[in-house]
Amino acid sequence: MSQVVAIVLDAADPALIEEWLDQGYLPNLNRLRQQGAYGRLANLEYYKAETAWTTFLTGCQPQRTGYWTPIQYHPQTYSVVEGGAYDYRQYPPFYAFAPGKRVAVFDMPQTVLDPRVDGLQVLAWGAHSPQTPSHSLPPEVLPALIARHGGHPALHKDHGDWYDQAYLTRLQAALHEGVRLRTAICRELLQQPWDLFLTVFSETHSAGHDLWYLSQPDHPLYDPQATTSPLRQVYEDVDRAIGQLLADVPAETAVVVFSTHGSGPNNTDVPSMILLPELLYRFSFAGQSRLSTASGRKPSLLRPPMGRGDWSQRVHRLSDKNPLKRLLKQAIPGRLHRRLGWKPPMGPLAWQPTTWYQPDWPRMKAFALPSFSEGYIRINLQGREPHGIITPDGYNTLCDELTTLLYQLQDGRTGQPMVKKVLRTRSGPQDDSLNLPDADLVVVWQDEPTDLLESPLGRIGPVPYRRTGSHRPEGFIFARTPQTLPGSALQGHVVDLAATLLELMGSELPAHLEGRPLVGIATVLSDPKTIAAPI
Numbered sequence: 048m049s050q051v052v053a054i055v056l057d058a059a060d061p062a063l064i065e066e067w068l069d070q071g072y073l074p075n076l077n078r079l080r081q082q083g084a085y086g087r088l089a090n091l092e093y094y095k096a097e098t099a100w101t102t103f104l105t106g107c108q109p110q111r112t113g114y115w116t117p118i119q120y121h122p123q124t125y126s127v128v129e130g131g132a133y134d135y136r137q138y139p140p141f142y143a144f145a146p147g148k149r150v151a152v153f154d155m156p157q158t159v160l161d162p163r164v165d166g167l168q169v170l171a172w173g174a175h176s177p178q179t180p181s182h183s184l185p186p187e188v189l190p191a192l193i194a195r196h197g198g199h200p201a202l203h204k205d206h207g208d209w210y211d212q213a214y215l216t217r218l219q220a221a222l223h224e225g226v227r228l229r230t231a232i233c234r235e236l237l238q239q240p241w242d243l244f245l246t247v248f249s250e251t252h253s254a255g256h257d258l259w260y261l262s263q264p265d266h267p268l269y270d271p272q273a274t275t276s277p278l279r280q281v282y283e284d285v286d287r288a289i290g291q292l293l294a295d296v297p298a299e300t301a302v303v304v305f306s307t308h309g310s311g312p313n314n315t316d317v318p319s320m321i322l323l324p325e326l327l328y329r330f331s332f333a334g335q336s337r338l339s340t341a342s343g344r345k346p347s348l349l350r351p352p353m354g355r356g357d358w359s360q361r362v363h364r365l366s367d368k369n370p371l372k373r374l375l376k377q378a379i380p381g382r383l384h385r386r387l388g389w390k391p392p393m394g395p396l397a398w399q400p401t402t403w404y405q406p407d408w409p410r411m412k413a414f415a416l417p418s419f420s421e422g423y424i425r426i427n428l429q430g431r432e433p434h435g436i437i438t439p440d441g442y443n444t445l446c447d448e449l450t451t452l453l454y455q456l457q458d459g460r461t462g463q464p465m466v467k468k469v470l471r472t473r474s475g476p477q478d479d480s481l482n483l484p485d486a487d488l489v490v491v492w493q494d495e496p497t498d499l500l501e502s503p504l505g506r507i508g509p510v511p512y513r514r515t516g517s518h519r520p521e522g523f524i525f526a527r528t529p530q531t532l533p534g535s536a537l538q539g540h541v542v543d544l545a546a547t548l549l550e551l552m553g554s555e556l557p558a559h560l561e562g563r564p565l566v567g568i569a570t571v572l573s574d575p576k577t578i579a580a581p582i
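For the sequence shown, my numbering begins at 48 and goes up steadily by one.
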């Protein structure tokens, strides 16, 4: 039998889980809640999309690992490269610290194969954004699983546009089939005895990005006449799969189901990837812009962009330093752009509009770095950047000036403040520890989606809206173990998960872990319904 079964519901949102538990849509998770403990897990409010997996797998926060994002900035050349997941050299995955224990790891994203693990490891069979090759230890395991069950139909194919109905139809079918195949593989692997069986349902992550607006009334693109909820259907598929897996598991097995971060309406992609870079460009070059801006009456909210091409190509038609050329790029059909020499940027990160400003970074006072979540601002600092403009004595003054500007920003649709908070990552210009993020300032945006910004430097947008769902920092945990009482509540942090699973396995906790075991500290609630309340 397996001593511990741990199942990650990738980017599944606690608020949705709790709502659908109470409405009866997730009976198997509800049974798990009644039999054990449930609670929400805190996580970093910033870099939340980039660091969640590393925090869980190492049991360390990014201040210790030094890993903040897969995008690496090189100040010597003002260049950015996609570096991939954390390398786990200094802090290996927690399950490598379980000598004498049999461990099975199936489809964990953003990790590595560790030869110290006694058992099997299969990576990138179907995970969302795996950031690792498709391989396994032993090497023959993954090819054998694919031969018996097939590959995941959404692997590297779950990135599309919300206004592309053909893509959304394909995605929903691929996620449904992916859950079915994943369940069959896990049931096969669970026939062997493991001290830890660790797997993930990545389908909740993919669905959260692309199906949010089709299901959630809190999104401005939601159709109130909708009669189905594609996002909930994916969660229901996963709930049924969990029921099938746990039916094969002995009652004494410890079961932990959790997410390391959640999801919500996409409030980050457009502000971080387009609006912030343009704002900083205007801040550095008074009176100049490189992004088309609508004047007068605001067009309808978040309308599908006109023309052909993916999201990045459509945004590129709005971008150029020459205002006349911007107008021509929008008026002339896209199929003629290449003939006129208007080629879209090329390269692994060229799809991010942030990088289109890169040639100007050496002449800017501050610039936006590419991001998958919050807004990241780098100061062009003398002595750190080769063409630094800001003196060390002026560093804090510029940070203050930018912070004041950011707090003045308004959502062009609602008039509400755009910025929830601005965080400084350094105490001063000389604070440049290797474990600090590249950004000097982190901009945490307000929760509502928008495509339009009003600022003291003028209106920016509207621009094409990207994915309809993005991430939120909170995760959750269900735990049914011999140590947890039915109807109890847990409160913890994502960094606690590694220590919790090692403790359940009976393994010694490495000294470097920053978390604590959560099992055994659950509190009994007098009203089981309050389990679903935010903690």
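Each residue gets a CB set at the ideal place from its N, CA and C atoms; glycine is no exception. The structure displayed is predicted, hence computed values, not measured ones.
Item to check | Contacts around VAL159, its chain only, beta-carbon distance under 6 Å, and the 5 residues preceding and following it disregarded | outcome: By one-based count along the sequence shown, residue 159 stands at place 112. These residues qualify, in order along the chain: TYR135.
Item to check | Collapsed DSSP secondary structure at TRP100 in the structure displayed | outcome: To locate residue 100, count along the sequence shown from 1; it is residue 53. Under the three-state reduction of DSSP output, TRP100 falls in the helix class.
Item to check | Alpha-carbon spacing of ILE54 relative to THR300, whole angstroms | outcome: Taking the first residue of the sequence shown as 1, we reach residue 54 at position 7. Taking the first residue of the sequence shown as 1, we reach residue 300 at position 253. Answer to the nearest angstrom: the Cα atoms are 13 Å apart.
Item to check | Host alpha helix (DSSP H) of PHE330 (start-end) | outcome: Indexing the sequence shown from 1 puts residue 330 at position 283. Bounds of the alpha helix (DSSP H) holding PHE330 are 323 to 331.
Next on the checklist: Using only the alpha-carbon positions, how far apart do GLY422 and LEU416 sit?
Outcome noted: Within the sequence shown, the letter at position 375 stands for residue 422. Within the sequence shown, the letter at position 369 stands for residue 416. The straight-line gap from Cα to Cα measures roughly 8 Å.
Next on the checklist: Suppose the cutoff is 7 Å on Cβ atoms and the five residues either side in sequence are ignored; what does the same chain contact list for PRO117 look like?
Outcome noted: Taking the first residue of the sequence shown as 1, we reach residue 117 at position 70. For PRO117, same chain residues with a beta-carbon under 7 Å away, outside a window of 5 residues either side, are GLU97, GLU129, GLY130, GLY131, ALA132 and GLN178 in chain order.
Item to check | 8 Å Cβ shell around GLN429 - same chain, five flanking residues per side excluded | outcome: Locating residue 429 in the sequence shown gives position 382, where the first residue counts as 1. Within the same chain, and ignoring the five residues on either side of GLN429 in sequence, the residues whose Cβ sits closer than 8 Å to its Cβ are GLY435, ILE436, ILE437, THR438 and PRO439.
Next on the checklist: Using a Cβ-Cβ cutoff of less than 6 Å, which residues in the same chain neighbour TYR288 once the five nearest sequence positions on both sides are dropped?
Outcome noted: For the purposes of this step, residue 288 is taken as residue 241 along the sequence shown, with counting starting at 1. Sequence check: residue 288 is Ala here, not Tyr. Counting only Cβ-Cβ distances below 6 Å, and skipping sequence neighbours, we find VAL226 and THR230.
Checklist entry - Under 8 Å, do HIS223 and ASP284 count as touching if we go by C-beta distance? => result Looking up residue 223 in the sequence shown gives position 176. Looking up residue 284 in the sequence shown gives position 237. The Cβ atoms of HIS223 and ASP284 lie closer than 8 Å to each other.
Item to check | Proximity to ALA220 [Cα-Cα], best of GLU250, GLY166, ALA145 and PRO318 | outcome: Translated into the one-based positions of the sequence shown, residue 220 becomes position 173. Per the Cα distances, GLU250.
Next on the checklist: According to DSSP, is PRO74 part of a helix, a strand, or is it coil?
Outcome noted: Taking the first residue of the sequence shown as 1, we reach residue 74 at position 27. Helix.
Item to check | Extent of the continuous alpha helix (DSSP H) to which TRP358 belongs | outcome: Position 311 of the sequence shown, counting from 1, holds the residue named residue 358. Here the alpha helix (DSSP H) through TRP358 covers 358 to 363.
Checklist entry - Since VAL317 contacts LEU56 with CB under 8 Å, what's their CB separation in whole angstroms? => result Residue mapping note: residue 317 aligns to position 270 of the sequence shown, counting from 1. Residue mapping note: residue 56 aligns to position 9 of the sequence shown, counting from 1. No, VAL317 and LEU56 are not in contact; Cβ-Cβ is about 27 Å, not under 8 Å.
Checklist entry - How is PRO476 classed by DSSP in three states: helix, strand or coil? => result On the sequence shown, residue 476 is found 429 positions in, with the first residue counted as 1. Three-state DSSP puts PRO476 in coil, outside helix and strand.
Checklist entry - Taking the alpha-carbon positions, what's the ALA526 to GLN405 distance? => result Indexing the sequence shown from 1 puts residue 526 at position 479. Indexing the sequence shown from 1 puts residue 405 at position 358. Distance between the alpha carbons of ALA526 and GLN405 is about 47 Å.
Item to check | Simplified DSSP assignment, three categories, for ALA151 | outcome: Translated into the one-based positions of the sequence shown, residue 151 becomes position 104. DSSP places ALA151 within a strand segment (E or B) once states are collapsed to three.
Checklist entry - Just reading off the alpha helix (DSSP H) that PRO109 is part of, what are its end residues? => result Residue 109 sits at position 62 when you count from the first residue of the sequence shown. For PRO109, the enclosing alpha helix (DSSP H) starts and ends at 109 to 112.
Item to check | Cα-Cα separation between LEU488 and GLN457, rounded to whole angstroms | outcome: Locating residue 488 in the sequence shown gives position 441, where the first residue counts as 1. Locating residue 457 in the sequence shown gives position 410, where the first residue counts as 1. Computed Cα separation, rounded: 19 Å.
Item to check | Terminal residues of the beta strand (DSSP E) in which SER339 lies | outcome: Counting from 1 along the sequence shown, the entry for residue 339 is found at position 292. No beta strand (DSSP E) contains SER339, which DSSP labels as neither H nor E.
Checklist entry - How many whole angstroms separate the CB atoms of GLY255 and LEU278, which I take to be in contact at a CB cut-off of 8 Å? => result Translated into the one-based positions of the sequence shown, residue 255 becomes position 208. Translated into the one-based positions of the sequence shown, residue 278 becomes position 231. Indeed, because the Cβ distance is near 7 Å, the residues count as touching under 8 Å.
Checklist entry - Cβ of SER336 within 8 Å of Cβ of ARG329? => result As a first step, residue 336 must be located in the sequence shown, where it is residue number 289. As a first step, residue 329 must be located in the sequence shown, where it is residue number 282. Closer than 8 Å, so yes.
Item to check | Neighbour-count burial assignment, SER474, 16 or more Cβ in a 10 Å radius | outcome: The residue labelled residue 474 in the question sits at position 427 within the sequence shown. So SER474 ends up on the exposed side.
Next on the checklist: On the criterion of 16 or more Cβ atoms from any shown chain inside 10 Å, does ASP286 qualify as buried, or is it exposed?
Outcome noted: Reading the sequence shown from its first residue, position 239 is the one you call residue 286. Taking every protein chain shown into account, the CB of ASP286 has 16 or more other CB atoms within 10 angstroms, so this residue is buried.
Next on the checklist: If you measure between the beta carbons of THR102 and PHE141, is that distance less than 8 Å?
Outcome noted: Start at 1 with the first residue of the sequence shown, and residue 102 comes out as number 55. Start at 1 with the first residue of the sequence shown, and residue 141 comes out as number 94. No, the Cβ-Cβ distance between THR102 and PHE141 is not below 8 Å.
Checklist entry - Cβ atoms of ARG425 and ASP494: under 8 Å apart, would you say? => result The sequence position of residue 494 within the sequence shown is 447, counting from 1. The sequence position of residue 425 within the sequence shown is 378, counting from 1. A distance of 8 Å or more separates the beta carbons of ASP494 and ARG425.
Checklist entry - Taking the C-alpha atoms as reference points, what is the distance between TYR153 and LEU192? => result As a first step, residue 153 must be located in the sequence shown, where it is residue number 106. As a first step, residue 192 must be located in the sequence shown, where it is residue number 145. First, the residue type needs correcting, since residue 153 is Phe and not Tyr in the sequence shown. Going from the Cα of PHE153 to the Cα of LEU192 covers about 11 Å.
Item to check | Distance, ASP165 Cα to PRO529 Cα | outcome: For the purposes of this step, residue 529 is identified with residue 482 of the sequence shown, where counting begins at 1. For the purposes of this step, residue 165 is identified with residue 118 of the sequence shown, where counting begins at 1. In a straight line, the C-alpha of PRO529 is about 25 Å away from that of ASP165.
Next on the checklist: Check for me: the beta strand (DSSP E) holding PRO312 runs from which residue to which?
Outcome noted: Sequence index remark: in the sequence shown, residue 312 carries index 265 (1-based). Where PRO312 is concerned, the enclosing beta strand (DSSP E) stretches over 309 to 312.
Checklist entry - Just to confirm, are PRO533 and GLN168 a CB contact at a threshold of 8 Å? => result Your numbering for residue 533 matches position 486 in the sequence shown. Your numbering for residue 168 matches position 121 in the sequence shown. In this structure, GLN168 does not lie closer than 8 Å to PRO533 by Cβ.
Checklist entry - If you follow the alpha helix (DSSP H) that ILE193 is part of, which residue opens it and which one closes it? => result Sequence index remark: in the sequence shown, residue 193 carries index 146 (1-based). Start and end: 188 to 196.
Checklist entry - Do the CB positions of HIS308 and PRO520 come within less than 8 Å of each other? => result Here the question's residue 308 lines up with position 261 in the sequence shown. Here the question's residue 520 lines up with position 473 in the sequence shown. Remark: C-beta atoms of HIS308 and PRO520 approach each other more closely than 8 Å.
Checklist entry - Taking just the CA atoms, how far does GLN360 sit from VAL510? => result Within the sequence shown, residue 510 is the residue found at index 463, counting from 1. Within the sequence shown, residue 360 is the residue found at index 313, counting from 1. Each residue's alpha carbon lies about 12 Å from the other.
Next on the checklist: Between the alpha carbons of ARG563 and PRO496, how many angstroms are there, rounded?
Outcome noted: Translated into the one-based positions of the sequence shown, residue 563 becomes position 516. Translated into the one-based positions of the sequence shown, residue 496 becomes position 449. For ARG563 and PRO496, the distance between alpha carbons rounds to 36 Å.
Item to check | Neighbourhood of THR461 by C-beta, 7 Å cutoff - its chain only, sequence neighbours within 5 removed | outcome: Locating residue 461 in the sequence shown gives position 414, counting from the first residue. Here the set comprises GLU495.
Checklist entry - How is LEU456 classed by DSSP in three states: helix, strand or coil? => result The residue labelled residue 456 in the question sits at position 409 within the sequence shown. Of the three classes helix, strand and coil, the one that applies to LEU456 here is coil, per DSSP.
Checklist entry - Measuring CA to CA, which of LEU544, PRO162, LEU228 and GLN263 is closest to LEU202? => result The count along the sequence shown starts at 1 and reaches residue 202 at position 155. Looking at the Cα atoms, LEU228 is the closest of the given residues.
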